[in-house]
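The block underneath contains the structure these notes are about, expressed in structure tokens.
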Amino acid sequence: MKADQTLDCMGLYCPMPIVKTAEKIKKLKTGEVLEVVADDKGIKLDMPAWAKATGHEFLGMEEKGGEIKVYVKKTHD
Amino acid sequence: MADTEKMSIVLFSGDLDKALAAFMLATTGASMGMEVKIFFTFWGLNVIKKNEGSIKSKGLMRKMLNIMNRGGSKRLKLSQFHMFGLGTWMIKRLMKEINMPSVEEFIKMSHEMGVKLIPCSTTCGLMGVDQEAFRPEAEPLAGAAYFLAEASQSKVTLFI
Numbered sequence: 012m013k014a015d016q017t018l019d020c021m022g023l024y025c026p027m028p029i030v031k032t033a034e035k036i037k038k039l040k041t042g043e044v045l046e047v048v049a050d051d052k053g054i055k056l057d058m059p060a061w062a063k064a065t066g067h068e069f070l071g072m073e074e075k076g077g078e079i080k081v082y083v084k085k086t087h088d
Numbered sequence: 002m003a004d005t006e007k008m009s010i011v012l013f014s015g016d017l018d019k020a021l022a023a024f025m026l027a028t029t030g031a032s033m034g035m036e037v038k039i040f041f042t043f044w045g046l047n048v049i050k051k052n053e054g055s056i057k058s059k060g061l062m063r064k065m066l067n068i069m070n071r072g073g074s075k076r077l078k079l080s081q082f083h084m085f086g087l088g089t090w091m092i093k094r095l096m097k098e099i100n101m102p103s104v105e106e107f108i109k110m111s112h113e114m115g116v117k118l119i120p121c122s123t124t125c126g127l128m129g130v131d132q133e134a135f136r137p138e139a140e141p142l143a144g145a146a147y148f149l150a151e152a153s154q155s156k157v158t159l160f161i
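So the sequences go chain by chain: Z and B. Heads up: the first sequence begins at 12 in my numbering, then just goes up one per residue. Heads up: the second sequence begins at 2 in my numbering, then just goes up one per residue.
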């Protein structure tokens with residue numbers, strides 16, 4: 012999946028990937044896609060929940076080896 | 002998003018692990034756009050006491066209490082397996098290993114994210130500490146009515 016920006020959260024555990032995502036998404040323009048790369052399995056459920064709560068769009072995820080990539084589209088400021 | 006959702010946490014405990022749990026939820030809540038308040042009461046007050054300097058309190062018994070119950074984010078102990086400091090030291094090392102923020106870092110981070118850190122005025126009176134005992138991130142002291150007014154509007158309320 013194509014992304015406008017990438018956030019490296021490898022080696023970080025909950026809540027840091029979510030905290031950093033919330034911080035990072037502020038710097039994107041509406042409509043842009045953020046890719047978050049993490050290895051904490053919690054992110055598989057946390058990111059869709061975060062997107063639902065904040066109103067941003069969860070686009071999906073890819074898992075390869077221990078690396079999980081999740082994609083979120085910024086839908087509002 | 003329509004109304005901002007609220008989360009109100011009471012941190013009663015001054016244990017390292019319980020403080021971590023409270024701050025993990027508080028920072029996550031703030032990341033999800035929630036308005037988060039943590040009320041510190043009884044031993045929980047220790048978490049937001051200053052790490053440096055002496056704590057001034059009135060009367061012999063309160064002075065003794067504050068010597069034994071010094072507080073400060075860097076002095077917190079595990080609720081279990083403290084083992085005269087060995088267990089707490091080990092957990093702090095393991096936390097570093099997985100890049101988990103310390104309580105000190107969590108306090109600064111949550112403050113920057115807009116989480117309100119509120120000391121309970123009654124337990125401050127009981128233990129003989131005042132606003133100046135707390136770090137600059139702490140809000141003015143408040144009482145139970147303020148907490149309940151906030152909690153009654155919060156979808157998430159926790160007592161830790």
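Ideal Cβ positions, reconstructed from N, Cα and C, are used throughout, including at glycine.
1) When the distance is taken between beta carbons, is Val-30(Z) closer than 8 Å to Met-32(B)?
2) Excluding sequence positions up to five away, which residues of its chain have a Cβ less than 6 Å from the Cβ of Asp-57(Z)?
3) If the cut-off is 9 Å on Cβ atoms, which residues from the region 15-35 of chain Z count as contacting chain B, listed in chain order?
4) Pull up the distance between the alpha-carbon of Asn-52(B) and that of Arg-76(B), whole angstroms please.
5) Excluding the five sequence neighbours on either side, which residues of its own chain have a C-beta within less than 7 Å of the C-beta of Ser-74(B), listed in chain order?
6) Check the DSSP bridge columns for Gly-71(Z) and list the partner residues they point to.
7) Looking at the C-beta of Ala-64(Z), does it have a partner C-beta in chain B at a distance below 8 Å?
8) Who are the neighbours of Ser-122(B) on chain Z, taking C-beta pairs under 9 Å?
9) Is it the case that the Cβ atoms of Thr-86(Z) and Gly-66(Z) are separated by a distance below 8 Å?
10) Scan the region 76-106 of chain B for residues whose Cβ lies nearer than 8 Å to a Cβ of chain Z and list them as they occur along the chain.
11) Any Cβ of chain Z within less than 8 Å of the Cβ of Ser-14(B)?
12) Contact between the region 62-78 of chain Z and the region 52-65 of chain B: three or more CB pairs below 8 Å?
13) Identify, in the order they occur along the chain, each residue of the same chain with its Cβ nearer than 7 Å to the Cβ of Gly-60(B), setting aside the five sequence neighbours on each side.
14) Of all the options Leu-12(B), Pro-141(B), Gly-72(B) and Asp-16(B), which has the alpha carbon lying nearest to the alpha carbon of Thr-89(B)?
15) Going by DSSP in three states, Met-2(B) sits in which element: helix, strand or coil?
16) Given a threshold of 16 other Cβ atoms within 10 Å of its Cβ, counted over all protein chains shown, does Thr-28(B) qualify as buried or as exposed?
17) State the start and end residues of the unbroken alpha helix (DSSP H) segment that holds Leu-87(B).
18) Which of the three DSSP states, helix, strand or coil, is assigned to Pro-120(B)?
19) Per DSSP, Leu-45(Z) is paired with what?
20) DSSP three-state label for Ser-80(B), please.
21) When Cβ atoms are compared, which residues of the region 28-53 of chain B fall closer than 7 Å to chain Z?
22) Bridge partners of Ser-58(B), per DSSP?
23) Hey, would you say Gln-132(B) sits closer than 8 Å to Leu-118(B), going by beta carbons?
So, to answer that:
1) Within the second sequence, the letter at position 31 stands for residue 32(B). Within the first sequence, the letter at position 19 stands for residue 30(Z). Correcting the residue identity first, residue 32(B) is Ser in this sequence and not Met. Pairing Ser-32(B) with Val-30(Z) gives a Cβ-Cβ distance under 8 Å.
2) By 1-based counting over the first sequence, the position of residue 57(Z) is 46. The answer, listed in chain order, is Ile-29.
3) Cβ contacts with chain B come from Gly-22, Leu-23, Tyr-24, Cys-25, Pro-26, Met-27, Ile-29, Val-30, Lys-31, Thr-32, Ala-33 and Glu-34.
4) Locating residue 52(B) in the second sequence gives position 51, counting from the first residue. Locating residue 76(B) in the second sequence gives position 75, counting from the first residue. If I take the Cα positions, the gap works out to 8 Å.
5) As a first step, residue 74(B) is located in the second sequence; it is residue number 73 there, counting from the start. If we look at Ser-74(B) and ignore the five residues flanking it on each side, its Cβ neighbours are Val-48, Asn-52, Val-104, Glu-105 and Ile-108.
6) Along the first sequence, one-based indexing puts residue 71(Z) at 60. Looking at the DSSP assignment, Gly-71(Z) forms a beta bridge with Tyr-82(Z).
7) Numbered from 1 along the first sequence, position 53 holds the residue referred to as residue 64(Z). So yes, Ala-64(Z) belongs to the interface.
8) Numbered from its first residue, the second sequence carries residue 122(B) at position 121. The contacting residues do not exist; Ser-122(B) stays about 29 Å from chain Z at best.
9) As a first step, residue 86(Z) must be located in the first sequence, where it is residue number 75. As a first step, residue 66(Z) must be located in the first sequence, where it is residue number 55. Taking 8 Å as the cut-off, the Cβ atoms of Thr-86(Z) and Gly-66(Z) count as close.
10) Ile-99, Asn-100, Met-101 and Pro-102
11) Here residue 14(B) corresponds to residue number 13 of the second sequence, with the count starting at 1. No, because no Cβ of chain Z sits closer than 8 Å to the Cβ of Ser-14(B).
12) Segments in contact, no.
13) Mapped onto the second sequence, residue 60(B) falls at position 59. The beta carbon of Gly-60(B) sits closer than 7 Å to those of Gly-129, all from its chain and outside the five residues before and after it, given in chain order.
14) On the second sequence, residue 89(B) is found 88 positions in, with the first residue counted as 1. The candidate whose alpha carbon is nearest that of Thr-89(B) is Asp-16(B).
15) Sequence index remark: in the second sequence, residue 2(B) carries index 1 (1-based). Because the pLDDT of Met-2(B) is 46, which lies under 50, any placement of that residue in the model is unreliable, and the question is left without a value.
16) If you number the second sequence from 1, residue 28(B) lands on position 27. By the 10 Å Cβ count, Thr-28(B) comes out buried.
17) Locating residue 87(B) in the second sequence gives position 86, where the first residue counts as 1. Counting along the chain, the alpha helix (DSSP H) containing Leu-87(B) begins and ends at 87-98.
18) For the purposes of this step, residue 120(B) is taken as residue 119 along the second sequence, with counting starting at 1. Three-state result, Pro-120(B): strand.
19) Counting from one through the first sequence, the residue named residue 45(Z) turns up at place 34. In the DSSP output, where bridge partners are listed per residue, Leu-45(Z) has Gln-16(Z) and Val-83(Z).
20) Here residue 80(B) refers to the residue found at position 79 of the second sequence. Correct three-state label for Ser-80(B): coil.
21) Thr-28, Thr-29, Ser-32, Met-33 and Gly-34
22) As a working note, residue 58(B) is residue 57 in the second sequence. None, per the DSSP bridge assignment.
23) Sequence index remark: in the second sequence, residue 132(B) carries index 131 (1-based). Sequence index remark: in the second sequence, residue 118(B) carries index 117 (1-based). Going by C-beta atoms, Gln-132(B) is not nearer than 8 Å to Leu-118(B).
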